[in-house]
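Enquirer: Quick note: this note's numbering has the sequence shown finishing at residue 732, numbered continuously throughout.
Submitted below is the structure of interest, expressed as structure tokens.
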Amino acid sequence: MKERLTFCRLCEPMCGLSVRLEGNKVVGIRGDRAHPLSRGWLCRRGVAFAEIHNDPDRLRHPLQKGPGGFERTSWETALGETASALARIRTRFGPRAIAVYMGNPMAFCTYGTFAVPAFVRAIGTPHFFTSGSQDCNNKFVASREVLGSPVRHPVPDLDHVRYLLMIGANPVVSGMSFAQVPRPAEALRSIRRRGGEIVVVDPRRTETARLASEHLFIEPDTDFFFLLSLLHVILDEGLWDRRWASRDPDGFETLRVLAERWPPERSEGVTGIPAEKTRRIARRLAGPEPAAAYGSIGISLGRSGTLNYWLLLVLNLLSGHFDAKGGSLLSPGLVDADLLYRLSGAEKLRARSRTGGFQPVLGTYPAALLSHEILSPREDRIRALVVVAGNPLLSVPNEDRLRQALEKLDLLVCLDLYRNETGSFAHFLLPTTDILEREDLDISHAGLQVRRYGMYTPAVVEPDGEQKPEWEILEEIAARMGVRLWGRALASCLRAAERLSGGLARGRGPGDKPQPVPRMILKAIVRFFGEVDFGRLAASSRGVPLSPHVYGRFGRRRALAGRPARVRLAPEAFVQEAWRMEEAAAARRAEASGFRLIGKRERHTHNTWMHNARGLVGAETTNYAYLHPEDAKEIGVSDGDRVRIRGPEGREVIVPCRVSEDLRRKVVALPHGWGHGYEAGWSFARERSGVNVNRLLTDAFWKLEPFAGMAWMSGVPVEVERCNLDRKEGQG
């Protein structure tokens, strides 16, 4: 038996892995105790990845749907027929008739993050959708408007912070989003050990809240009013940082006018947070000790996700601890994130969507528009869809409409590890490599590091079937269509690569073997713009430390292409929408006092694709609806009883409930990612199907968050009642 070192790519922490092998077979995974950052820590999902890697249900050969179901086919047939169908649709109906959907795992696959957008541009379609509109696109929009770039995101300086406000974040279970922090629970405990304070604001007493100094329940989807009242106190009491206020004096005055209408005494009636608590938090944030405010997905999925992140950025700017030790950091990363963004060409994609008129976010449209564009009566409606590492049928609002849309497609091709629910409607299923079967460079999240570090890993094992990396599949489809995958925005990288000496310039690697184009691109980027050489990264099995943070860089630096680092405190469109939120607050008070739906992260699952691992799911046989004891008593249910949850458009699910005092009254929490079925190819997950929360949610484009097109997934009004029908547990 031997051990190989690599790093995990399931979420932001990128923990070090020690993979035990017998020949080419993975027999176990554990945390790498000698890894400088994670030091042996690894969550249950990382440990269980050995089971996923070896899962008999994984796709290992291309499949084609025939009259009797899916049948094995050759790569030549699958690629050839896919390319032929795409080319035919493109010629007859135009490039708009083809769409691409990219799922969350590609955010952790460096080559994939280059290849998928390149494929979209090569085809020439504007229809690029991702899971970001169910997750984080609001942050890109707010950062673009406030800090001048969609990829500048401050992270809390956890090693030095003394006061940390966390809103809608549960890193103990999910890791920190938009912040790379291995061992997140230990990082939080260390704040308290050195005398610091952590305050968690959340509708649920989360696992993270149990580690905090204080937890405050908040009414779901009212974060905007709480944040605005924090700003009110800072401005009203003269606690703001004059440096950043002077960068945008007009914007500062606009903020003052907006915030003065929302003293904590007013927001208390909307959020449920006592006014004196809000005042104390604001004073601590803007006090003399290092402080930071951090918000995760919980602030992103309501009706004002972009406004919430805008106010969070403004609070960090004006509190006096932005880009300062113990405050909010702007990490430059191994390679400057602005550079990667500009090389991607995403900023050139500005055409608004035909449905709803949404501006692209990093070159993508809201995924909730996908079904509308497929079911459109237009001649050039979407007729072909390529899905890369995604399962939109379980991830995008209104499952029923999207199912109808998938059935109408002329071509559906899925690149994935499994035949998931979306894939059950596919014409071709193309098997992809997993994190142990591909090389990677941690570059996508390097600009979000609390401790700066660079990591590269080769593949740990060879595929045990015919799996291929996503970039190679897309490259071969593009070639057969007669289009160049690596043209346009990435051409500058290739020209830079040609100027390098040796194997890189010739596109050759060890043994004079051809190098993958993505590797050539990354080597060129790191060579010209990175802090350390690619060869040094490749030679280290545990990564390379980068230089320490230099505080105060943002105010002095000039971004790429000579663009100055600028600050806009009050973007006009945000301010106009903020005034409309006054009406939303009044309407909310007028609504009947029903239940509000929120999500819930689970230790034993990761979105839609890890429920087939028996060792991971264990006794958790399905998802549950979590209710406060008093609410359960009112509707006459106890642990294990089934409840019916009905969404605002009348669709419903039936699911067993669990009673918990960790919930705020009149809040029901339902974890996402479940609802397995549709003849999907995972035997164990289908036995524990659960229900799909997205079946309850709307995909009406006029109800999407206006700036980023974020789906309304938190704080949604629902009806909850006891279910007495004799129906299968978890049935939707």
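No residue lacks a Cβ here, since even glycine has one placed at the ideal position from N, Cα and C.
Quick caveat, the model's predicted, so the values are computed rather than measured.
1. State buried or exposed for ASP639, treating a residue as buried only when at least 16 other CB atoms are found within 10 Å of its CB.
2. One question on the structure: do THR254 and ILE218 come within less than 8 angstroms of each other, judged by their Cβ atoms?
3. Indicate, with yes or no, if the ligand ATP has a heavy atom lying under 7 angstroms from the CB of ILE443.
4. Can you pull the DSSP bridge partners for GLN449?
5. Expressed to the nearest angstrom, what Euclidean distance is found between the alpha-carbon atoms of LEU696 and GLU649?
6. Under three-state DSSP, which class holds ASP416?
7. Which residues in the same chain have their Cβ closer than 8 angstroms to the Cβ of ARG722, if we skip the five residues on either side of it in sequence?
8. What number of angstroms, rounded off, separates the C-alpha of GLY507 from the C-alpha of VAL517?
9. Can you list, in chain order, the residues of its chain with a C-beta nearer than 6 angstroms to that of PRO510? Leave out the 5 residues immediately preceding and following it.
10. Taking 8 angstroms as the cut-off, decide whether the C-beta atoms of PRO332 and TYR453 are in contact.
11. I need the boundaries of the beta strand (DSSP E) containing ALA99, first residue and last residue.
12. Distance check for GLU652 and GLY112, CA to CA, integer angstroms please.
13. Taking the alpha carbon of THR73 as the point to measure from, which residue in ALA613, GLY552, GLN467 and VAL667 has its own alpha carbon closest?
14. Which term fits ARG96, buried or exposed, when burial requires 16 or more other beta carbons within 10 angstroms of its beta carbon?
15. Quick check on PRO150: buried or exposed, where buried means 16 or more other Cβ atoms within 10 Å of its Cβ?
16. CA-CA distance, LEU312 and VAL461?
17. Is GLY511 helix, strand or coil when you go by DSSP?
18. Three-state secondary structure (DSSP) at CYS11?
19. Do you know how far the Cα of HIS606 is from the Cα of PHE615?
20. Report buried or exposed for ARG378, applying the criterion of at least 16 other Cβ atoms within 10 angstroms of its Cβ.
21. Within the continuous beta strand (DSSP E) that includes GLU721, where are the two ends?
22. So, are the CB atoms of ALA708 and THR306 less than 8 angstroms apart?
23. Given 8 angstroms as the limit, is there contact between the region 99-117 and the region 686-694, that is, 3 or more CB pairs closer than that?
24. In chain order, what residues of the same chain have a beta carbon less than 6 angstroms from the beta carbon of ARG438, not counting five sequence neighbours either side?
25. Between which two residues does the beta strand (DSSP E) holding HIS215 run?
26. Under 8 angstroms by Cβ, that's how I've got LYS666 and PHE554 pegged, so tell me the actual separation to the nearest angstrom.
27. With DSSP collapsed to three states, give me the class of VAL550.
28. Going along the chain, which residues of its own chain have a beta-carbon closer than 6 angstroms to the beta-carbon of ARG542, five neighbours each way excluded?
29. Which of the three DSSP states, helix, strand or coil, is assigned to ILE626?
30. Checking the sheet assignment: what are the DSSP bridge partners for ILE598?
31. Where does ARG531 fall in DSSP's three states?
32. Would you mind sorting GLY16 into buried or exposed? The rule is 16 or more other CB atoms within 10 Å of its CB.
33. According to DSSP, what are the bridge partners of CYS657?
34. Does DSSP put PHE753 in a helix, in a strand, or in coil?
35. Going by C-alpha to C-alpha distance, which of GLU237, ARG152, ALA83 and HIS549 sits closest to GLU531?
36. Quick check on the DSSP output: the alpha helix (DSSP H) that includes LEU147 runs from which residue to which?
Expert: If we stick to the structure as given:
1. exposed
2. no
3. As far as ligands go, the structure on display features none, and thus does not contain the ligand ATP.
4. GLN180
5. 7 angstroms
6. strand
7. ILE635, GLY636, VAL637, ASP641, ARG642, VAL643 and ARG644
8. Confidence at GLY507 is low in this model, with a pLDDT of 42, below 50, so the placement of that residue should be treated as unreliable; the coordinate-derived value is given next. Rounded to whole angstroms, GLY507 to VAL517 spans 8 angstroms at the Cα level.
9. Because the pLDDT at PRO510 is just 38, under 50, the model does not fix this residue reliably, and the point stays unresolved.
10. no
11. 98-102
12. 36 angstroms
13. GLN467
14. buried
15. buried
16. 43 angstroms
17. Low confidence applies here, because GLY511 scores a pLDDT of 42, under 50, leaving its location unreliable; read the following figure in that light. The answer is helix: DSSP assigns GLY511 an H, G or I state.
18. coil
19. In the sequence under discussion, the amino acid at residue 615 is Gly, which differs from the Phe named in the question. Near 14 angstroms, if we compare the C-alpha coordinates of HIS606 and GLY615.
20. exposed
21. 716-722
22. yes
23. no
24. ALA459 and PRO469
25. 214-216
26. Wrong, their Cβ atoms sit about 42 angstroms apart, outside the cutoff.
27. coil
28. HIS35
29. Position check: residue 626 holds Tyr in this sequence, whereas Ile was assumed. Strand at TYR626.
30. ALA669
31. For clarity, residue 531 is Glu in the given sequence; the question names Arg instead. Coil at GLU531, not helix or strand.
32. buried
33. ALA625
34. What the structure shows of the chain is the stretch from 1 to 732, and residue 753 is not part of that stretch, so it cannot be assessed.
35. HIS549
36. 137-147
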